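The next block holds one structure in the form of structure tokens; read it before the comments.
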Amino acid sequence: MAALLASAPFGGLAGPAASGPETISPGKPLMVGPYEVIIDKVVELPDLKPAVSPQPSQRVIVLDTRVTLTGDRPEYAVTLKDNVAVSGGGVKVDDNPGLYFVEDATAMSNFNPGLTYRLALTFTTSGPWQGDTVTVKSNLVEFREQDSATLDPNAWVSRDEVRGQGTFTLERRS
Amino acid sequence: MRRGIATAAFVIAAMGLGRLITDHMPLTDAADKPFIQTGAVDETVALDYADVTVTGVHVTPTIMGNPASAAGGRWLVVDTEIVARQAPTVMAGFFLVDAQDRRWIASLRGPECVTSARLATGVRHYASICFDIPKQALDGARLMATRGPWDSHESTFRRDDVAQIDLGIKAAEVDALWAQKDAVNIRQSGPVAPDAPDAPDAPDAPEEARQ
Amino acid sequence: MSAANDNRPSRWWIAAVPVAIVTMLLANGFRVPVFWYQSGQHREIASGDANEWVSVTEETSDAHGDLTRKYDVRFAGLGGAETAYESRAGEFTLPEGMVARSVKLDFRAEPDQVLKHCAVTLIDDEGREYRVGHVEDDLGAKITVCVPEETPGPSAPIVDAETRGTLPPEEQPRPSEWSASPAIAVPADARFVEVRISFENPDYVRIRLLS
Chain R
16 MAALLASAPF
26 GGLAGPAASG
36 PETISPGKPL
46 MVGPYEVIID
56 KVVELPDLKP
66 AVSPQPSQRV
76 IVLDTRVTLT
86 GDRPEYAVTL
96 KDNVAVSGGG
106 VKVDDNPGLY
116 FVEDATAMSN
126 FNPGLTYRLA
136 LTFTTSGPWQ
146 GDTVTVKSNL
156 VEFREQDSAT
166 LDPNAWVSRD
176 EVRGQGTFTL
186 ERRS
Chain U
-2 MRRGIATAAF
8 VIAAMGLGRL
18 ITDHMPLTDA
28 ADKPFIQTGA
38 VDETVALDYA
48 DVTVTGVHVT
58 PTIMGNPASA
68 AGGRWLVVDT
78 EIVARQAPTV
88 MAGFFLVDAQ
98 DRRWIASLRG
108 PECVTSARLA
118 TGVRHYASIC
128 FDIPKQALDG
138 ARLMATRGPW
148 DSHESTFRRD
158 DVAQIDLGIK
168 AAEVDALWAQ
178 KDAVNIRQSG
188 PVAPDAPDAP
198 DAPDAPEEAR
208 Q
Chain L
161 MSAANDNRPS
171 RWWIAAVPVA
181 IVTMLLANGF
191 RVPVFWYQSG
201 QHREIASGDA
211 NEWVSVTEET
221 SDAHGDLTRK
231 YDVRFAGLGG
241 AETAYESRAG
251 EFTLPEGMVA
261 RSVKLDFRAE
271 PDQVLKHCAV
281 TLIDDEGREY
291 RVGHVEDDLG
301 AKITVCVPEE
311 TPGPSAPIVD
321 AETRGTLPPE
331 EQPRPSEWSA
341 SPAIAVPADA
351 RFVEVRISFE
361 NPDYVRIRLL
371 S
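Protein chains in written order, with the numbering used here: chain R, 16 to 189; chain U, -2 to 208; chain L, 161 to 371.
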């Protein structure tokens, strides 16, 4: 008992680490590293011109999102793009998604904090999606203050661990 | 025994000397700090590798183009003129620092907005840098211009010259600037002065130039 | 600390000190080649005077491994005083006081030598460097700076599937002797002391002028 109390300042009384991924659902905020992401819907389109123009046989899965960079410093968009994935359609999904500002179809490559954008996160697929649902997963992205191996302090690092997972109904438009 | 005492004294003295060095020598701070050269709008700031002048500052929700580019907050557009005096130079570090010492980075989204400048020796280069920022970033904003691109460690311009140019935005002016609605037209960056008669028009510029 | 019988302390550490110092310098010294030597023109591989042939052998590499690039070059003079120059947006008029000087160069090389992507630099008596053809240069000619525009010769293979020395269909082989005259934007009154021809850092060829 005494040993347990003595360990309190070091986290001895803290609850167990959250286990398993949290559920992503439409309209619910999700943290991907420093980004607060709200996914409103998931849509399949033949293209998203002028931003995305795939082959006629291909399709585009678009996550319609609202994204805010929290914190107090700028970040590059890869921290967000590389850590969200879609699956479950029985087709090949391009693992290098695009990120476009819906208002003017320009690509987002970096963010300043405190601004909210409506963004299309776009995944090109090899063909029409099979089924009516899309599984969206996000990676755990942690802030690492010190790392002696890479000399890369205060960086957002993605871990090979699912942080959020949810199933969305797929809207189809042509 | 005496040798043992001498050795102990030597070790303690050496440790004390080490402590003095780490306490009083500028090891991390000054060793990492860039050399800041300050200036204001329409003043030329001379760096080792280039002269930088801010010639215009605009705040707008829209940058003209096809399609026009919308800001998430507001666009702060900074027009610059840069000349390399000694050798060809690439400047890739353009960012803002506000009154609270926060950093804001430049965007490539607006047509003709650039985040770097490739300078030929002696040829004046005209470039507009666009920042999509929230209201809080306007007060006291200063343009920082240097060679290395901004990163979260600010490691790419250590011990290098950095221009810090006060854009002259006072706290009392922020509301009026934020309320402005007029769209801004940005000319293509390069060696041609934006007000020259043969300056290329931004909306007709080729797409590839925006890369 | 000391052997029990003769009471003398070990002196082996004295021998270790220079080893430790050298190891420390080597461990930190990687910055010198990476951030300085290989990032600029620091190794003169051949030199000569104006109007004389300079033979150049340069170590290089492509997708298939190491090879040497061999050519002869002769500086034949400076010409031209055009006020028009080219940028990525098209032709423009150079600022007052600057002109585009053509650097007249004669070359001799086997048709299989890769001589695209060369940079030509003029250095004046104040040490200022004016350059064309480098990958970071926005103004002036690109790629075919040192070779005939219609018959530039082969490119370096960048993947295994490409073979060395192949030309695109319909393209004739490069002649074994030719002249090139790339234009560089320079001050009209500059006095030049040196021309450099370079393909890859840190190597360059130096030709002395005004001797």
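The beta carbon of each residue, even a glycine, is placed where N, CA and C say it ideally should be. Computed from a predicted structure; not experimentally measured.
Going by DSSP, name the residue or residues bridged to residue i.
i                     : result
residue 44 (chain U)  : None, per the DSSP bridge assignment.
residue 143 (chain U) : U:90
residue 347 (chain L) : L:258
residue 46 (chain R)  : R:51
residue 126 (chain U) : U:75
residue 74 (chain R)  : R:140
residue 251 (chain L) : L:246
residue 364 (chain L) : L:204
residue 10 (chain U)  : According to DSSP, residue 10 (chain U) bridges with nothing at all.
residue 152 (chain R) : R:100 and R:180
residue 21 (chain U)  : Partner(s): none; residue 21 (chain U) has no beta bridge.
Would you mind stating whether residue i and residue j have Cβ atoms separated by less than 7 Å?
i                     : j                     : result
residue 31 (chain U)  : residue 154 (chain U) : yes
residue 57 (chain R)  : residue 156 (chain R) : no
residue 266 (chain L) : residue 236 (chain L) : yes
residue 94 (chain U)  : residue 139 (chain U) : yes
residue 60 (chain R)  : residue 82 (chain R)  : no
residue 288 (chain L) : residue 118 (chain U) : yes
residue 34 (chain U)  : residue 160 (chain U) : yes
residue 45 (chain R)  : residue 179 (chain R) : yes
residue 77 (chain R)  : residue 137 (chain R) : yes
residue 263 (chain L) : residue 342 (chain L) : yes
residue 231 (chain L) : residue 362 (chain L) : no
residue 125 (chain R) : residue 149 (chain U) : no
residue 215 (chain U) : residue 73 (chain U)  : The structure shown does not extend to residue 215 (chain U), since chain U is modelled only from -2 to 208, so the question has no answer here.
residue 254 (chain L) : residue 345 (chain L) : yes
residue 96 (chain U)  : residue 48 (chain U)  : no
residue 119 (chain R) : residue 186 (chain U) : no
residue 86 (chain R)  : residue 145 (chain R) : no
residue 188 (chain U) : residue 80 (chain U)  : no
residue 152 (chain R) : residue 177 (chain R) : yes
When you compare only the Cα positions, how much space is there between residue i and residue j?
i                     : j                     : result
residue 68 (chain U)  : residue 61 (chain U)  : 11 Å
residue 211 (chain L) : residue 355 (chain L) : 12 Å
residue 229 (chain L) : residue 78 (chain U)  : 40 Å
residue 306 (chain L) : residue 159 (chain R) : 49 Å
residue 202 (chain L) : residue 359 (chain L) : 13 Å
residue 217 (chain L) : residue 121 (chain R) : 48 Å
residue 130 (chain R) : residue 84 (chain R)  : 7 Å
residue 163 (chain L) : residue 29 (chain U)  : Low confidence applies here, because residue 163 (chain L) scores a pLDDT of 45, under 50, leaving its location unreliable; read the following figure in that light. Those two C-alpha atoms are separated by around 47 Å.
residue 90 (chain R)  : residue 102 (chain U) : 9 Å
residue 365 (chain L) : residue 242 (chain L) : 26 Å
residue 206 (chain U) : residue 124 (chain U) : Summary for residue 206 (chain U): the model assigns pLDDT 36, below 50, so the residue's position carries little reliability; its value from the coordinates is reported in the next sentence. Roughly 13 Å between the two C-alpha positions.
residue 69 (chain R)  : residue 80 (chain R)  : 21 Å
residue 370 (chain L) : residue 167 (chain U) : 56 Å
residue 99 (chain R)  : residue 193 (chain U) : 47 Å
residue 158 (chain U) : residue 133 (chain R) : 38 Å
residue 90 (chain U)  : residue 50 (chain U)  : 15 Å
residue 140 (chain R) : residue 213 (chain L) : 59 Å
residue 76 (chain U)  : residue 165 (chain U) : 14 Å
residue 308 (chain L) : residue 335 (chain L) : 9 Å
residue 142 (chain U) : residue 163 (chain U) : 12 Å
residue 174 (chain R) : residue 247 (chain L) : 45 Å
residue 189 (chain L) : residue 183 (chain L) : 10 Å
residue 88 (chain R)  : residue 225 (chain L) : 44 Å
residue 49 (chain R)  : residue 304 (chain L) : 47 Å
residue 213 (chain U) : residue 37 (chain U)  : Shown here, chain U extends from -2 to 208; a query on residue 213 (chain U) therefore has no answer.
residue 143 (chain R) : residue 73 (chain R)  : 7 Å
residue 319 (chain L) : residue 222 (chain L) : 8 Å
residue 115 (chain U) : residue 12 (chain U)  : 49 Å
residue 109 (chain R) : residue 67 (chain R)  : 13 Å
residue 46 (chain U)  : residue 52 (chain R)  : 42 Å
residue 88 (chain U)  : residue 180 (chain L) : 39 Å
Per the contact definition of three or more C-beta pairs closer than 8 Å, is the region 101 to 120 of chain U in contact with the region 7 to 22 of chain U?
The answer is no - the region 101 to 120 of chain U does not touch the region 7 to 22 of chain U, with fewer than three Cβ pairs under 8 Å.
Between the region 0 to 12 of chain U and the region 147 to 164 of chain R, are three or more C-beta pairs nearer than 8 Å?
The region 0 to 12 of chain U vs the region 147 to 164 of chain R: no contact.
Any beta strand (DSSP E) of 3 or more consecutive residues that is wholly inside the region 216 to 248 of chain L
Counting only runs of 3 or more, we get 225 to 242 and 244 to 247.
Unbroken beta strand (DSSP E) runs of length 3 or more, entirely within the region 302 to 353 of chain L: which are they?
Taking only runs of at least 3 residues, the beta strand (DSSP E) segments lying wholly in the region 302 to 353 of chain L are 337 to 340 and 343 to 347.
Hey, is the region 295 to 313 of chain L in contact with the region 327 to 337 of chain L, meaning 3+ C-beta pairs nearer than 8 Å?
The region 295 to 313 of chain L vs the region 327 to 337 of chain L: in contact.
Taking the runs of the alpha helix (DSSP H) that are 4 residues or longer, which of them lie wholly in the region 86 to 142 of chain R?
Scanning the region 86 to 142 of chain R for uninterrupted alpha helix (DSSP H) segments of 4 residues or longer gives 93 to 96, listed from N- to C-terminal end.
Near-chain C residues of the region 65 to 90 of chain U - C-beta to any C-beta below 8 Å
Within the model displayed, chain C is absent; protein chains R, U and L are what it includes.
Counting only runs of 3+ residues fully inside the region 279 to 303 of chain L, write out the beta strand (DSSP E) ranges in chain order.
Counting only runs of 3+ residues, the beta strand (DSSP E) found wholly inside the region 279 to 303 of chain L occupies 279 to 284 and 289 to 292, in chain order.
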